[in-house]
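So the sequence shown is numbered by the numbering used here: it starts at 1231 and just counts up by one.
For each residue, glycine too, the CB sits at the ideal point set by N, CA and C.
Remember, predicted model here, so these are calculated numbers, not experimental data.
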Amino acid sequence: MSYVDALFDRNKDRIYIVERNNGQREYVEYPAEYVFYYDDAKGKHRTIYGTPVSRFSTKNSKEFHRELKVNSGKRIWESDINPVFRCLSNNYLGKQSPSLHTAFFDIEVDFDPVRGFSRPEDPFNPITAVSVYLNWMDKLVTLVIPPKSLSWESAEEMCKKYDNCFLMQSEEDLIKTFLDLIDDADVLSGWNSEGFDIPYMVMRTNRVLSKDDTRKFCLWGQYPKKREFERFGANNLTFDLIGRVHLDYMQLYRKYTYEERHSYSLDAIGEFELGERKTEYEGTLDQLYNKDFEKFIEYNRQDTDLLAKLNNKLKFLDLANELAHDNTVLLQTTMGAVAVTEQAIINEAHQLDMIVPNRHGHDDAISTQAAGAYVAHPKRGMHDYIGSVDINSLHPSAIRALNMGPATIV
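Structure below.
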């Protein structure tokens, strides 16, 4: 009994969970449990400070908030624990993580000679190819639309040189077939797929097929959830999937590799980790598509194959999977740090029959990103005698240099 993802229906006070058991997808549901504790001298429960508290529990959110108001004059404990995490902790703590069905994928997009390249926010160029590696079948599948300059027969001959490579009559057929291929996938992953492949696929599906067809990226008939994020000083559009999890392998690599790389391109990382590179070609990708269709297919397949090989070596998806289940959080929660650590502390406290306090400034903690390094604003102009310093792991270095260990506290 191992979960993949969860959906919290606040209107019905229900939590829907999709599991992966013995290779089969299964759906279960639980009533949401709303719990809080309040200071009470006669309380039967104990906080982490040893003080007595009483427990209130309900499966109705309105009753929960009404009772919170009644006890507003007292100190409240554990009222802000995520009901999904509470449900996962109650039902899955200590259970083995599932063997996930993962689909690694990469898309190629056409080029417009007048308008140029298109971005996910306005995907005016059609998708010309997509390769998908299905790990539970150990199969790499390529769907590709031939260029107009090539006859169908010639394109078909080129396609036959690759296993599971299929020519598509139209982009509509390509997208429909892709959605069929990922139907039994628990996780979708690509390289920079958060910033490009996922939003582009969702937006093109909406444009070429219909908005209703975008539900096929998710489970429970849900639509992908639009989200904006900032990267390199620019706002970017992406979508979060529901039921079927999306994890960007480039972000996984950056999170779990504790060294800086000169470049995070798939080409650079593939060479560094595997000794393999992307398929080399001369000119632009558009020229490759129209003038060397066979190599274009190889290029698309190689990108997806590199992803699968990287995960086979590094196993970062397995790591995220283990972290999520050890701490009873969702897979996508592991891309942060605070929520995973907090839930681990809560689980440990509960196993010791201890109640934890509410978070202070909880709303601010969600919306505010933790402060990183200090970066000074440069003074424009020409300067003499410029120096730069970047001290790695400064805190432990300072602790050692200044003898600031716990043993030296007066």
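Candidates the options, of which the one nearest residue i by Cα
{"i": "Pro1626", "options": "Arg1445, Gly1617, Pro1636", "result": "Pro1636"}
{"i": "Leu1252", "options": "Gly1513, Met1231, Glu1424", "result": "This sequence places Asn at residue 1252; Leu is not what is there. Among Gly1513, Met1231, Glu1424, the Cα nearest to that of Asn1252 is on Met1231."}
{"i": "Gly1425", "options": "Phe1469, Asp1442, Asn1365", "result": "Phe1469"}
{"i": "Ala1262", "options": "Ala1236, Gly1273, Asp1614", "result": "Ala1236"}
{"i": "Gly1642", "options": "Arg1434, Gly1473, Asp1368, Lys1299", "result": "Outside the modelled stretch of the chain, which goes from 1231 to 1640, sits residue 1642, for which no answer is possible."}
{"i": "Arg1531", "options": "Glu1256, Gly1420, Asp1342, His1295", "result": "Gly1420"}
{"i": "Leu1364", "options": "Ile1278, Lys1609, Asn1394", "result": "Asn1394"}
{"i": "Gly1513", "options": "Arg1507, Met1398, Lys1521", "result": "Lys1521"}
{"i": "Glu1458", "options": "Met1634, Asn1321, Met1480, Pro1429", "result": "Pro1429"}
{"i": "Val1344", "options": "Pro1350, Glu1338, Phe1354, Ile1337", "result": "Phe1354"}
{"i": "Glu1641", "options": "Val1475, Leu1624, Asp1497", "result": "Nothing about residue 1641 can be reported from this structure: the residues present for the chain run from 1231 to 1640 only."}
{"i": "Val1283", "options": "His1275, Arg1240, Asp1516", "result": "His1275"}
{"i": "Val1619", "options": "Glu1256, Ile1311, Ala1606, Cys1389", "result": "Ala1606"}
{"i": "Glu1383", "options": "Lys1369, Met1398, Leu1370", "result": "Met1398"}
{"i": "Phe1523", "options": "Lys1390, Lys1545, Lys1289", "result": "Lys1390"}
{"i": "Cys1655", "options": "Tyr1233, Glu1338, Thr1435", "result": "Residue coverage of the chain in this structure runs from 1231 to 1640, which leaves residue 1655 outside it and unanswerable."}
{"i": "Asp1535", "options": "Asn1241, Glu1506, Arg1255, Ile1616", "result": "Glu1506"}
{"i": "Asn1312", "options": "Ile1639, Glu1572, Leu1632", "result": "Glu1572"}
{"i": "Gln1254", "options": "Val1568, Lys1545, Trp1366", "result": "Trp1366"}
Under the three-state DSSP convention, the category residue i falls into
{"i": "Asn1394", "result": "coil"}
{"i": "Arg1297", "result": "One detail in the question is off: residue 1297 reads as Glu in this sequence, not Arg. The answer is helix: DSSP assigns Glu1297 an H, G or I state."}
{"i": "Ala1567", "result": "coil"}
{"i": "His1625", "result": "helix"}
{"i": "Ile1596", "result": "With a pLDDT of 43 at Ile1596, under the threshold of 50, the modelled position of this residue cannot be trusted; read the value that follows with caution. In this structure, Ile1596 counts as helix in the three-state DSSP scheme."}
{"i": "Asn1251", "result": "strand"}
{"i": "Asn1530", "result": "helix"}
{"i": "Ala1606", "result": "coil"}
{"i": "Ile1499", "result": "helix"}
{"i": "Leu1370", "result": "strand"}
{"i": "Tyr1519", "result": "helix"}
{"i": "Tyr1486", "result": "helix"}
{"i": "Thr1358", "result": "strand"}
{"i": "Tyr1233", "result": "strand"}
{"i": "Pro1261", "result": "strand"}
{"i": "Asp1614", "result": "coil"}
{"i": "Glu1506", "result": "coil"}
{"i": "Ile1575", "result": "helix"}
{"i": "Met1634", "result": "coil"}
{"i": "Leu1364", "result": "strand"}
{"i": "Ala1256", "result": "In the sequence as presented, Ala is not what sits at residue 1256; that position holds Glu. If DSSP states are grouped into helix, strand and coil, Glu1256 belongs with the strands."}
{"i": "Asp1352", "result": "strand"}
{"i": "Asp1548", "result": "helix"}
{"i": "Asp1243", "result": "coil"}
{"i": "Ile1639", "result": "coil"}
Integer-rounded CB distance, given that residue j should sit under 8 Å from residue i
{"i": "Phe1335", "j": "Asp1427", "result": "7 Å"}
{"i": "Leu1518", "j": "Tyr1511", "result": "5 Å"}
{"i": "Ile1245", "j": "Tyr1264", "result": "At roughly 11 Å, the Cβ-Cβ gap does not stay under 8 Å, so Ile1245 and Tyr1264 are not in contact."}
{"i": "Ile1247", "j": "Thr1372", "result": "Not a contact, Cβ separation roughly 34 Å."}
{"i": "Val1570", "j": "Val1586", "result": "The pair is not a contact, with the Cβ atoms about 15 Å apart (cut-off 8 Å)."}
{"i": "Leu1496", "j": "Asp1548", "result": "At roughly 20 Å, the Cβ-Cβ gap does not stay under 8 Å, so Leu1496 and Asp1548 are not in contact."}
{"i": "Met1480", "j": "Asn1422", "result": "5 Å"}
{"i": "Glu1351", "j": "Leu1467", "result": "5 Å"}
{"i": "Asn1577", "j": "Ser1319", "result": "6 Å"}
{"i": "Thr1564", "j": "Ala1550", "result": "5 Å"}
{"i": "Val1432", "j": "Glu1401", "result": "Not confirmed; about 14 Å, so no contact."}
{"i": "Asp1340", "j": "Ser1291", "result": "Not really, about 48 Å apart at Cβ, beyond 8 Å."}
{"i": "Tyr1494", "j": "Lys1508", "result": "That pair is no contact at about 14 Å."}
{"i": "Leu1418", "j": "Leu1471", "result": "7 Å"}
{"i": "Asp1310", "j": "Arg1589", "result": "6 Å"}
{"i": "Phe1207", "j": "Glu1297", "result": "Absent from the structure is residue 1207, since the part of the chain shown begins at 1231 and ends at 1640."}
Residue i Cβ short of 7 Å to the ligand GDP heavy atom set
{"i": "Tyr1615", "result": "Questions concerning the ligand GDP fall outside what the structure shown contains, since it holds no ligand whatsoever."}
Could you tell me whether the region 1350-1360 touches the region 1371-1382, where touching means 3 or more Cβ pairs closer than 8 Å? Under the 8 Å Cβ criterion, the region 1350-1360 counts as touching the region 1371-1382, having at least three qualifying pairs.
Are there three or more Cβ pairs, one per stretch, closer than 8 Å when the region 1392-1407 is compared with the region 1543-1563? Short answer: they don't touch.
Under 8 Å, with one C-beta from each stretch per pair, do the region 1411-1418 and the region 1329-1340 reach the 3-pair mark? Under the three-pair Cβ rule at 8 Å, the region 1411-1418 counts as touching the region 1329-1340.
Does the count of Cβ pairs from the region 1254-1272 and the region 1291-1310 closer than 8 Å reach three? With a cut-off of 8 Å, the region 1291-1310 and the region 1254-1272 count as touching, because enough Cβ pairs lie within range.
When you compare the region 1456-1466 with the region 1484-1498, are there three or more beta-carbon pairs, one atom per stretch, that lie closer than 8 Å? Touching, no, given that fewer than three Cβ pairs across the two stretches are closer than 8 Å.
Kindly provide the ranges of any beta strand (DSSP E) runs that are 3 or more residues long and lie completely inside the region 1381-1446, ordered along the chain. Taken in chain order, the whole beta strand (DSSP E) runs of length 3 or more contained in the region 1381-1446 are 1395-1397, 1417-1419.
Whole beta strand (DSSP E) elements within the region 1291-1346, 3-residue minimum: Complete beta strand (DSSP E) runs here, min 3: 1332-1339.
Ignoring anything shorter than 4 residues or poking outside the region 1263-1290, list the alpha helix (DSSP H) runs there in chain order. Counting only runs of 4 or more, we get nothing.
Fully enclosed by the region 1443-1482, which alpha helix (DSSP H) runs are 4 residues long or longer? The alpha helix (DSSP H) runs lying completely inside the region 1443-1482 and spanning 4 residues or more number zero.
Touch check for the region 1442-1451 and the region 1380-1395: three-plus C-beta pairs under 8 Å? The region 1442-1451 makes no contact with the region 1380-1395; the number of CB pairs closer than 8 Å stays below 3.
Does the count of Cβ pairs from the region 1313-1328 and the region 1565-1581 closer than 8 Å reach three? By the criterion of at least three beta-carbon pairs nearer than 8 Å, the region 1313-1328 is in contact with the region 1565-1581.
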